[in-house]
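**Student:**
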Amino acid sequence: MLQSTLVLILVIILQSAQSYLLGVGRADVTGPSADVPFMGYAKMEQKGAGIHLRLFSRAFIIDDGEKRIVFVSVDAGMIGNNIRHEVLDLLHSKYNLSQVYTQDNVLLSGTHTHSAPGGFLMDFMFDLNSLGFVPDTFNAMVRGITLSILRAHDNLQEGRLFVSKGELLNANINRSPTAYLQNPEEERMRYEHDTDKSMVQLQFISSSNKPLGVINWFAVHPTSMNNTNHLVSSDNVGYAAILLEQKINPDSLIGKGKFVAAFASSNLGDVSPNIKGAKCVKTGTECHEVTSSCHVAGDVCIASGPGVDMFDSTRIIAERMYTKALELFDSRQEEVVGQIDYVHRYIRPFDETAEYRNTSTGETKQVKGCVPALGHSFAAGTTDGPGAFDFKQGTTNPMNPLWNLVTNLLATPSPDQVACHKPKPILLDTGEMNVPYQWSPRTVSTQLFRLGHLALVGVPGELTTMAGRRLRRALQDEMGLLVESDVIIAGLANTYADYVTTPEEYQVQRYEGASTIYGPHTLTIYISQFVKMAQHLAGSRSLPAVSVVPENIKDQVISFLPEPLFDKAPSGKQFGQCIQQPPTRVNVNEDVRVKFISGHPRNNLLTEKSYLTIERLTESEGGNSTWRVVATDANWDTKFLWRRTSVLPIYSEAEVRWQTSDTYPEGTYRIRHFGVSKEWSFGGTKKIKYSGKTKTFQLTKDTKK
């Protein structure tokens, strides 16, 4: 009897554990770090002028022996249809993987950093801020995403998956609480907070019990770095990823270690990391709770993070996410077992209808999506980054005749369009604006993965907190999942189609509602679509064959962003020459700043490389001394700053800043700068690599210099 019981227990254990083929990979997607406006705050003067943190694409592959899925988290504002199309085309045409990676099983999700170069979406509304399409940004993203997938593909090995969940407080707040309060009280009472505080972690563990990687989903905007920042940065989620990767890869340079950690986006639409809340900057008084405006002319309502400045706030929020992720990583709460399945379809939301039940009145009716349009409150921006002019959030009855005139000059909304979007007053009728090419996406991606007892939903935009909760509940019920958190929302996935609020939140037209481009029932349409997809996976419904695909407008895009002309070194100097040397001795925790004669960073993006290195002199075996790189422009402790010092003649310089700390051992150091100059001659221009270095200096804990 005892023997048979032990055999039964062994059988149960063997059945409960499942081995998958797992792969992880990472690649650089930083792109142009100078003179290209960032995508996020829609502030044209917010152009890149160097690097705070490099941007990465992190890919994760899971294969159950029959089917395979790929999830990629990209340090970018979002993902566009054409980015995904080009990645798949490259995997198919150049690497002959058309039978392995397809529209159905590859999901790309942007982290939503607002400090990354723009010009890659090929929807004119989104690329307008960057003066049109920017090939450097687009190509860097496509190549980096593809390379990260290929690296994961080449690293496939047997392993197991675990999921852990935990609550993280004091890392996010709701930036539109008055809109959230429009949701039914009964629904709000189900939840303790007005933002999601749950972090969900998927752990990739090898068959030899070595950690391969993790994906963490937590709802927060990467807007700790505000709209005054001019350094490329992956913001709070990117730094959290770096912290966790360096914890597991302690001897590797950033971006080079085997262990890969992603902090991916979720339903972050109304969620801010600026947890001190919004205040009027001049007076320090509370902002108007509905309009986020100030009573003093010229004052502006801005939210702030927990730190003394945006860098400190980024660090604090990142460290809180990292600490929770490390806690989850050590817990391995539940093993993921079961088969993989997936489905993907493109839809045109304005052609879709769905059944909507108003829980407050009990009324059920058929609703439809609208042709894309943006409301007046869209131009007001958010408390994370206010807009220009005199726009206010919560605008449902605009009284400014000038902006009404602008609306009608660009594209006059039809009566049906006005009625469809009501109560949103249309500022930009983007779905009917086609000059020089389409302004808003008409076709969006919807994607659903089934992974054992988990569901991963690829949503083409930014869902608010309650919108995400409704989608989770609908899929939990449809797919028979135990808890709501078993449905994981991957935000800003495959297509970027702005925001998604609940119909109730839409009524008050905060920024998020005004940016819900397919009208008040955008969420209703999406929930209906994803429920159909879940039914398709369950075999209870057959989805129609693909009937719509996004228009490839790569040949239509235009760019007004000028290319760098050429570079010139001042008389008697050369590119790479150090013109501001470090002191001979530096105390630990002091800031080192050096400058070099530089070419324009757009001459060469130095992808997978660095514009700077911090190097320490070390003794190798045999007594020989060698220089060892201890930090690059991907490190938190370094900053690479570039600026033009003269327009005619065209001079520029690079500044390297290194914040020393006790994590660096005492010793002899030097700083190097790398770049490419574009030099003019009568035969035209040519690009020439250069490098330069400082004099050596001592890093010491001695307070006496």
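Under mature numbering (1 follows the signal peptide of the UniProt record, and there is no 0), residues -19 to -1, 1 to 686 are what the sequence shown spells out, in order.
Don't be surprised by glycine CBs; every beta carbon is placed ideally from N, CA and C.
Which residue's Cα is closest to the Cα of Asn378: Gly500, Leu390, Thr393, Ile407?
**Tutor:** Selected option, being the one with the closest Cα: Ile407.
**Student:** Among the residues of its own chain, which have a CB less than 6 Å from the CB of Ile469, if the five just before and after it don't count?
**Tutor:** Taken in chain order, the residues that qualify are Val181, Trp198, Leu437.
**Student:** Flag Val387 as yes when its Cβ comes closer than 6 Å to any non-hydrogen atom of the ligand MN, and as no otherwise.
**Tutor:** No copy of the ligand MN occurs in the structure displayed, which carries no ligand at all.
**Student:** Does the separation of the CB atoms of Val5 and Ala133 fall below 7 Å?
**Tutor:** Yes, Cβ-Cβ distance for Val5 and Ala133 is below 7 Å.
**Student:** Please name the residue or residues paired with Thr666 in a DSSP beta bridge.
**Tutor:** In the DSSP output, where bridge partners are listed per residue, Thr666 has Trp661.
**Student:** One question on the structure: do Pro116 and Pro13 come within less than 7 Å of each other, judged by their Cβ atoms?
**Tutor:** No, the Cβ-Cβ distance between Pro116 and Pro13 is not below 7 Å.
**Student:** Please report the straight-line C-alpha distance between Arg296 and Arg39, rounded to a whole angstrom.
**Tutor:** So the two alpha carbons sit approximately 21 Å from each other.
**Student:** My assumption, with CB atoms under 8 Å, is that Thr364 sits in contact with Ile256. Please give the rounded CB distance.
**Tutor:** No, Thr364 and Ile256 are not in contact; Cβ-Cβ is about 12 Å, not under 8 Å.
**Student:** Should Glu634 go down as buried or exposed, given a rule of 16 or more other Cβ atoms within 10 Å for buried?
**Tutor:** Answer is buried; the Cβ neighbour count reaches 16.
**Student:** I'd like to check one pair, Val55 with Gly91: are the Cβ atoms closer than 7 Å?
**Tutor:** Yes; because the gap between Cβ atoms is below 7 Å, this pair is in contact.
**Student:** With DSSP run on the structure shown, which of helix, strand or coil describes Val489?
**Tutor:** Three-state result, Val489: coil.
**Student:** Exposed or buried, what is Thr345 when buried is set at 16 or more other beta-carbons lying within 10 Å of its beta-carbon?
**Tutor:** Its Cβ having fewer than 16 others within 10 Å, Thr345 is exposed.
**Student:** Could you name the residues of the same chain whose beta carbon sits closer than 6 Å to that of Asn62, not counting the 5 residues immediately before and after it, in chain order?
**Tutor:** Once the five neighbours on either side are set aside, the close Cβ partners of Asn62 are Thr476, Pro531.
**Student:** Could you check whether the region 23 to 31 touches the region 594 to 606, counting it as contact only if at least three pairs of C-beta atoms, one from each stretch, sit closer than 8 Å?
**Tutor:** Counting Cβ pairs under 8 Å, fewer than three are found: no touch.
**Student:** Output the distance between the C-alpha atoms of Ser233 and Val241, rounded to the nearest integer angstrom.
**Tutor:** In a straight line, the C-alpha of Ser233 is about 12 Å away from that of Val241.
**Student:** Looking only at C-alpha atoms, which of Val489, Val87, Asn415, Glu315 sits nearest to Ile43?
**Tutor:** Nearest C-alpha to Ile43: Val87.
**Student:** Roughly how many angstroms lie between the CA atoms of Asp120 and Tyr76, to the nearest whole one?
**Tutor:** Residue identity differs from the one stated: residue 120 is Asn in this sequence, not Asp. Their Cα atoms are separated by approximately 17 Å.
**Student:** Can you list, in chain order, the residues of its chain whose CB lies under 6 Å from that of Leu435, leaving out five sequence neighbours each side?
**Tutor:** Counting only Cβ-Cβ distances below 6 Å, and skipping sequence neighbours, we find Asp467.
**Student:** Please report the distance separating the alpha-carbon of Leu355 from that of Tyr22.
**Tutor:** If you take the alpha carbons of Leu355 and Tyr22, they lie about 16 Å apart.
**Student:** So the candidates are Ser111, Glu333, Phe107; which of them puts its Cα closest to the Cα of Phe541?
**Tutor:** Closest option to Phe541, Cα to Cα, is Ser111.
**Student:** Can you tell me whether Phe37 is helix, strand or coil according to DSSP?
**Tutor:** Here Phe37 sits in strand by DSSP.
**Student:** Quick one: which unbroken alpha helix (DSSP H) runs of 4-plus residues sit fully inside the region 359 to 400? Chain order, please.
**Tutor:** Segments of the alpha helix (DSSP H) lying fully in the region 359 to 400: 382 to 391.
**Student:** Are the region 547 to 558 and the region 621 to 632 in contact at 8 Å, needing three or more beta carbon pairs?
**Tutor:** Output reads yes: the region 621 to 632 touches the region 547 to 558.
**Student:** Could you tell me how far apart the beta carbons of Asp216 and Ser96 are, in whole angstroms, since I believe they sit closer than 8 Å?
**Tutor:** Sure, about 6 Å apart at Cβ, within 8 Å.
**Student:** Keeping to the same chain, check which residues put their C-beta closer than 6 Å to that of Lys576; ignore five residues upstream and five downstream.
**Tutor:** Result list for Lys576: Ile560, Gln561, Glu634, Glu636, in chain order.
**Student:** Is the beta carbon of Ile506 closer than 7 Å to that of Gly664?
**Tutor:** No, they are not a contact pair.
**Student:** Assign Phe101 to one of two classes, buried (16 or more other C-beta atoms within 10 Å of its C-beta) or exposed (fewer than that).
**Tutor:** It counts as buried.
**Student:** If distances are taken between C-alpha atoms only, which option among Phe655, Gly648, Leu456, Ser627 comes closest to Tyr592?
**Tutor:** When only C-alpha atoms are compared, the closest one is Phe655.
**Student:** Give the DSSP-derived three-state secondary structure of Phe105 in the structure shown.
**Tutor:** Correct three-state label for Phe105: helix.
**Student:** Taking the alpha helix (DSSP H) that Met206 belongs to, which residues open and close that run?
**Tutor:** It is not in any alpha helix (DSSP H) - Met206 carries neither H nor E in the DSSP assignment.
**Student:** To which residues does DSSP link residue 727 through a beta bridge?
**Tutor:** Outside the shown range of the chain (-19 to 686) lies residue 727, about which nothing can therefore be said.
**Student:** Count the other CB atoms within 10 Å of the CB of Leu409; is the residue buried (16 or more) or exposed (fewer)?
**Tutor:** It is buried - the Cβ of Leu409 has at least 16 other Cβ atoms within 10 Å.
**Student:** Please state the DSSP three-state secondary structure of Ile(-8).
**Tutor:** In this prediction, Ile(-8) has a pLDDT of 41, which is less than 50 and means its spatial position is unreliable; what the coordinates show is noted afterwards. Reduced to three states, the DSSP call for Ile(-8) is helix.
**Student:** From which residue to which residue does the beta strand (DSSP E) around Ala15 run?
**Tutor:** First-last of the beta strand (DSSP E) with Ala15: 15 to 18.
**Student:** Looking only at its own chain, which residues have a Cβ that is under 8 Å from the Cβ of Lys146, when we skip the five neighbours before and after it?
**Tutor:** Cβ within range, chain order: Ser179, Met180, Val181, Gln182, Leu309, Gln314, Ser466.
**Student:** Taking the beta strand (DSSP E) that Ile470 falls in, what are its first and last residues?
**Tutor:** Here the beta strand (DSSP E) through Ile470 covers 468 to 471.
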